[in-house]
Structure formats: structure tokens, C-alpha cells
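K.L.:
Each residue of the sequence shown is one higher than the one before, starting from 66 at the first, in our numbering.
For every residue, glycine included, the Cβ atom is placed at its ideal position computed from N, Cα and C.
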Amino acid sequence: MNDMMERLRHSSISGLTRPLTWRLEQLKQLKLMLTDHENDFLKVLEHDLGKSKAEGWLTELGYLNSDIDYTCKHLAKWMRGKRVSQPLMAWPGKSYLHPEPLGVVLIIGAWNYPLQLLLSPLVAALAAGNCAVVKPSELAPRTAELIAKLLPDYLANEAVQVVTGGAEVAQELLAQRFDHIMYTGGGRVGRIVMEAAAKHLTPVTLELGGKSPAVVLDDADIKTAARRIAWGKWLNAGQTCIAPDYVLVAENQREALIAALKEAVEDFYGSDPSDADDYGRIVNEQHWQRLVNYLDDGTIVHGGDYDREHCFLAPTILTNVAPDSPVMAEEIFGPILPILSIPNLASAIEFIRERDKPLALYGFSASTRSLQQITEQTHAGNQCNNDTLMFMLNPELPFGGVGPSGMGRYHGKFGFDTFSHQKAVMQRPFWFDPKFRYPPYTSFKQKL
Ligand code: NAD
66 MNDMMERLRH
76 SSISGLTRPL
86 TWRLEQLKQL
96 KLMLTDHEND
106 FLKVLEHDLG
116 KSKAEGWLTE
126 LGYLNSDIDY
136 TCKHLAKWMR
146 GKRVSQPLMA
156 WPGKSYLHPE
166 PLGVVLIIGA
176 WNYPLQLLLS
186 PLVAALAAGN
196 CAVVKPSELA
206 PRTAELIAKL
216 LPDYLANEAV
226 QVVTGGAEVA
236 QELLAQRFDH
246 IMYTGGGRVG
256 RIVMEAAAKH
266 LTPVTLELGG
276 KSPAVVLDDA
286 DIKTAARRIA
296 WGKWLNAGQT
306 CIAPDYVLVA
316 ENQREALIAA
326 LKEAVEDFYG
336 SDPSDADDYG
346 RIVNEQHWQR
356 LVNYLDDGTI
366 VHGGDYDREH
376 CFLAPTILTN
386 VAPDSPVMAE
396 EIFGPILPIL
406 SIPNLASAIE
416 FIRERDKPLA
426 LYGFSASTRS
436 LQQITEQTHA
446 GNQCNNDTLM
456 FMLNPELPFG
466 GVGPSGMGRY
476 HGKFGFDTFS
486 HQKAVMQRPF
496 WFDPKFRYPP
506 YTSFKQKL
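#1: Please report the Cβ distance between Met144 and Pro164, rounded to the nearest whole angstrom; I am assuming they are in contact, meaning their Cβ atoms lie under 8 Å.
#2: Name the residue from Asn349, Lys288 and Met259 whose alpha carbon lies nearest to the alpha carbon of Gly471.
#3: Assign Val149 to buried or exposed, taking buried as 16 or more other Cβ atoms, counted over all protein chains shown, within 10 Å of its Cβ.
#4: For the putative contact between Thr249 and Ala175, defined by C-beta atoms under 8 Å, what is the C-beta separation to the nearest angstrom?
#5: Determine the DSSP secondary structure at Ile172, reduced to helix, strand or coil.
#6: Tell me the residue span of the alpha helix (DSSP H) that contains Phe481.
#7: Sorted by chain position, which residues of the same chain lie with C-beta nearer than 6 Å to Leu184's C-beta, five sequence neighbours on each side aside?
#8: What is the rounded straight-line gap between the Cα of Glu396 and the Cα of Gly275?
#9: Please indicate yes or no: does the CB of Lys116 lie closer than 7 Å to some heavy atom of the ligand NAD?
#10: Comparing C-alpha positions only, which one of Gly252, Gln91, Ala262 and Glu415 sits nearest to Leu273?
#11: Contact defined as beta carbons within less than 8 Å: I believe Ser406 pairs with Arg319. What is the distance between those atoms, to the nearest angstrom?
#12: Comparing alpha-carbon positions, which option in Asp283, Gly363, Thr270 and Asp343 lies nearest Ala302?
#13: Could you compute how far the alpha carbon of Ala431 sits from the alpha carbon of Asn317?
#14: Can you tell me which of Glu111, Leu167, Asp284 and Ala240 puts its alpha carbon nearest to the alpha carbon of Arg434?
#15: Regarding Gly146 and the ligand PLP, is the C-beta to nearest heavy atom distance less than 7 Å?
#16: Would the beta-carbon of Thr364 be found less than 7 Å away from any heavy atom of the ligand NAD?
#17: Among the residues of its own chain, which have a CB less than 7 Å from the CB of Lys147, if the five just before and after it don't count?
#18: Using the Cα positions of Glu125 and Ile212, report the straight-line distance between them to the nearest angstrom.
#19: Quick one: does the C-beta of Leu300 sit closer than 7 Å to a heavy atom of the ligand NAD?
#20: Return yes when at least one heavy atom of the ligand NAD lies under 7 Å from the C-beta of Glu237, else no.
#21: Measuring from the CB of Ile397, is there a heavy atom of the ligand NAD at a distance below 7 Å?
#22: Can you give me the Cβ contacts of Val188 inside the same chain, cut-off strictly under 8 Å, excluding the 5 residues immediately before and after it?
#23: Could you check if Ser202 belongs to the surroundings of the ligand NAD, using beta carbon to heavy atom distance under 7 Å?
#24: Between Lys116, Leu360 and Arg83, which has its C-alpha nearest Ala526's C-alpha?
#25: Hey, does Asn450 have any beta-carbon neighbour from chain C nearer than 8 Å?
#26: Can you grab the Cα-Cα spacing for the pair Ala190 / Ile78, in whole Å?
#27: So, helix, strand or coil for Pro391, using DSSP?
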């Protein structure tokens, strides 16, 4: 590991990664790897998470292709930096921000979108001209193996390295001095990462999770809201950091919403989701057991079927859930959706504000005023109104949490900025050098 770090640091100092042409070349190579091995990637995703090919394409490969295209299109402009005004006292001269690479960065990925969550930060890190070490999650082992096999064939080895392994390997990496660490995963490990980074004063971006609420008000289009909630919740069998974790629904719409959610589940996955091509599996037995335990925390009004051997857990709707039960105290990160009634918007806002700031927040209402009230009176990393997850498709919006759901952000230019230092530069000519700024400071000058 020490040798690897030394080589990467040498490449970073040598200036290899700075030219626009080098950065574009690496990004194109990354895209080529995804294109050449599209089927191999879809297969390992299916193996690790039961992801259907369509879902694997939509949320991982297709997403990364657009990410790379968008970055390549705008990179020259981002690298140009930004001219700012010059104050009169420092005239003549010019001031500008010059984005420079941070150096050698570490990217630690999570298992639920094992390709996207590792390679999208890498796109940003390479675009910003960094060397990088990427560590895929050991909980999606086939995907990690394939990344480790292919990346060295496509990217400059002196600038990008893959390190595979579990917690011990991650800790060994964290003991090294990096110039930035981006970690995606749960808050428990997020704290470990931050503590290790503090030893070297390394800045961190933490992409964490939390309980993302969906609020459905009585004026919402219930059928459409249900379909969109169902899609966001049961994609990847609920193992999505921004999936709606629970629903707060107006009392008088509760039954209608439950009926519409059931209809949506049937439409998407048929009457037996264990047989549906497009319904995923829980990543491992430990997570499966954790989720099955939550089934005792309420009344199952839909789903609830499970099968240990295949780590299957059906799309499940729970009612009669106590706000302080385990399923409401911890991030679910699986296909169980608790539905809680609320008397009005104010109580929904209060419910959300009493809890940790979530990663995502979803409001469903026909009233722009009510949606605005949710925006203005709650905290969340991201908010999407009258839909779920779709904000991820806009690279002009930053993605990241706030408080316990994370710190820092990426996507599009925000990712480039995360992995750059905006060096503040002022440049002055020699030809104008009046004496009044220099000592001795006479009383006349002091009056100035
Ligand atoms: P995980 O188990 O895959 O762990 C993430 C990474 O941390 C892995 O690479 C793993 O090797 C490493 N790790 C594990 N233990 C460690 C230790 N002791 N020291 C150092 N590194 C260690 O992922 P997870 O934590 O199960 O992921 C689920 C969580 O991640 C959920 O809370 C989810 O909301 C969150 N998440 C957030 C995002 C986001 O973009 N904000 C995306 C996906 C998942």
C-alpha cells in the first residue's frame, strides 16, 4: 500500500493528470470499459443484487454513460475557472479562481449501486485532475472483482488503482494520507472515516443515508403519487439511499393510498413478485434477517412473504406502526413501507423536524404553497415534489446529505468542485507602485 501511494503521489506531483486532454482520455476510456463489458457488468449486478438488466442499465450503466458525457462536454469550461472583480485599492491587476486538482483521493463505495456509487465519484475525481484509489464494497463481491479486473486495462495505472477487500482493508487505506476522501455508506462507518481523516487533516465528503420521508397531502393525485412512491421504494428491492423510507399521509386519504400502492405493486411485479424479473433480492442473509425482524413492528396490509434461501422479501406495506418502533427508528433500506397518518401538513412538518435531517424528502400535493411550506420549514439533503428519485437525473442539481445524512456534494460541476481546490489568484503588474502604501505611515497617510 505504501508503494502504491508513493507511485500515485509521484504521478500527481509530476503533473501527468493536469492537462484537459489527459482527463478527457481517461473519461473516454472509462466509458469504453462500460460499453465493451456492458453484459458482463449487467450479469454481476444480477448476481450480487438480483438486479434485472433493465434496472442495471437504468440505474448504473446508463447513468454512468450520461455522467461521463455531461462531464466531457463541460470540462473545458469548468477548468477555465472564474474571473472576479478587482478592488480599487489593488488596482491595477486581476483576480480569479483557478481550480486545481487536490492530489490523490480515496473513494470508498457502497454495495447497493456498486458500480454507480464507485465510478461516478471517480468521474468527478478524474475530471478534476486527481489520482485516485477506489475501493468497491465487499458486499457486492462479483461487481468488485470485475471492476478490479477491468479498470487497470482501461485507465492509467499510474493514476488510478483499485483496492478490494472489507473493513480491514478500508482501515488500512484510511491510515494513509489522502488529499480527499469520499465515502458512501452508513453513518457508523462514516464516523470511522472522519476520525481517520482527521489524523491527516484530510477533508471528507460523506454520502450517508437516513430515513427519507414521503408526505402525501389530501389534495394529491393519489394514483400517480402511489405509482411514483412504489417505483422509488421498490426499485432495487428498497435498497436505495434515497428511497422513500416511510409515508406520512393525510388521514382521509390513507385507505385510497394503500389501495393505489397495492395496485401499483401488482402492475409492476405481478401477483407473485418472487417470480418477477424486475424485482431484486436483499444483498445478504444478515440484511435479510434485519428486515424480516421489522415485520413484527406493525400490521402487514400487503406483501410480507419472504424466503431465506433466496434472500427474498416481498414489497411490503405496514400500518399501525408506532413512531418509536425499530422500523421507524432506524433506516429501513429494504422493501418495507410503513404508512402513518397525519392530521395536517403542520403535523407532518413537525414529525420530520423532530427527527434527523434526511437525505431526501418527497412532498405530494396539488398546492404549490403547501410544497413550498415543506421546503421552507424542513431540512433535507434534497427535495423532490410530486415524484421520487427523479432529481438524480439532473446533473445541474447537487446531490448530498445534510447533518446525519452526510456532508459535501457531487454530480456534474458540484463533483468537479468537490475534488478541486479553488485557488484564489491575484496578479498585479510592476508598472504602478505608488509610495502611499509603504511605511513610514505619516499622520497624513493615516487619515487616508
Ligand atoms: P457497505 O457495507 O457497503 O459499506 C460501505 C463501505 O464502507 C464499504 O466499502 C466497506 O468496505 C466500508 N467499511 C465497512 N466497515 C468499515 C470499517 N469498519 N472501516 C472502514 N470502512 C468500512 O455499506 P453500508 O454501510 O451497508 O451502506 C448502506 C448505507 O449507505 C445506508 O445507510 C444508505 O443509505 C447509505 N448509502 C448512501 C448513499 C448516498 O449516496 N448518500 C448511497 C448508497 C448508500
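P.N.:
Considering the structure as presented:
#1: 6 Å
#2: Met259
#3: exposed
#4: 5 Å
#5: strand
#6: Gly477 to Thr483
#7: Leu129
#8: 5 Å
#9: no
#10: Gly252
#11: 5 Å
#12: Asp343
#13: 16 Å
#14: Asp284
#15: With respect to small molecules bound, the structure shown includes the ligand NAD and not the ligand PLP.
#16: no
#17: Tyr161 and Leu162
#18: 13 Å
#19: no
#20: no
#21: no
#22: Leu92, Leu95, Leu129, Asp132, Ile133, Thr136 and Gly480
#23: yes
#24: Nothing can be reported for residue 526: it is not among the residues displayed for the chain, which extend from 66 to 513.
#25: Note that chain C does not occur in the displayed structure, where there is just one protein chain.
#26: 16 Å
#27: helix
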